[in-house]
Amino acid sequence: MKNLAGLMKQATQMQAKMEAMQATLEAMNIEGAAGAGMVKVVLSGKGDMRSITIDPKLADPAEMEMLQDLIVAACADARTKLDAKAAEEMQKVTGGLNLPAGMKLPF
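This is how it looks when you write it as structure tokens:
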């Protein structure tokens with residue numbers, strides 16, 4: 297039973313670390329860019345778009361299709377960076393414990 301109590305204590309500590317990590321991620325802003333920085337998007341740690349910056353040179357109506365494609369690319373870039381940062385933070389919290397794909401903590 298000592299092992300079970302120790303395991304429960306570790307789980308409680310890990311849950312507290314997870315909550316702190318989630319709060320840290322939520323406070324982060326991750327920037328993605330496309331078109332050599334002509335379009336920039338900032339996402340929150342939850343993946344919500346906070347802002348978008350578009351170089352005025354792209355406002356030409358004839359270039360709208362390219363502008364739309366660059367916005368999508370910038371969002372994808374920011375999301376990729378966000379996912380990588382979240383995975384990095386998760387590694388810190390779990391101490392390298394390899395969790396099965398799709399398993400999320402806290403339980």
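Residue numbers (the working numbering): 297 to 403. Cβ coordinates follow ideal geometry from the N, Cα and C atoms, glycine included. Values in this document were obtained by computation on a predicted structure and should not be read as measured data.
Per DSSP, the bridge partner or partners of residue i
i	result
valine 335	Ala330 and Ile350
asparagine 325	Ser340
methionine 345	Leu339
Which listed residue (the options) has its alpha carbon closest to that of residue i
i	options	result
alanine 374	Ala358, Gln306, Arg346 and Gln311	Arg346
glutamine 364	Ala330, Thr376 and Gly391	Ala330
glutamine 387	Met317, Gly302 and Ser340	Met317
isoleucine 348	Ala372, Pro357, Glu359 and Asp356	Ala372
valine 368	Gln306, Gly328 and Met304	Gly328
Alpha carbon of residue i to alpha carbon of residue j, nearest angstrom
i	j	result
alanine 370	glutamate 361	14 Å
glutamate 315	glutamine 309	10 Å
lysine 377	valine 337	12 Å
lysine 305	glutamine 311	10 Å
phenylalanine 403	alanine 307	Note that phenylalanine 403 scores 42 on pLDDT, short of 50, meaning its location in the model is unreliable; the coordinates nonetheless yield the value given after this. Taking the straight line joining both Cα atoms gives about 9 Å.
Check whether residue i and residue j have beta carbons under 7 Å apart
i	j	result
valine 335	leucine 366	yes
glycine 341	methionine 324	yes
leucine 339	isoleucine 326	yes
Contacts around residue i, its chain only, beta-carbon distance under 7 Å, and the 5 residues preceding and following it disregarded
i	result
alanine 382	Leu321
alanine 380	none
Own chain residues within Cβ distance below 8 Å of residue i, not counting five before or after
i	result
lysine 353	Met334
glutamate 385	Met317, Thr320 and Leu321
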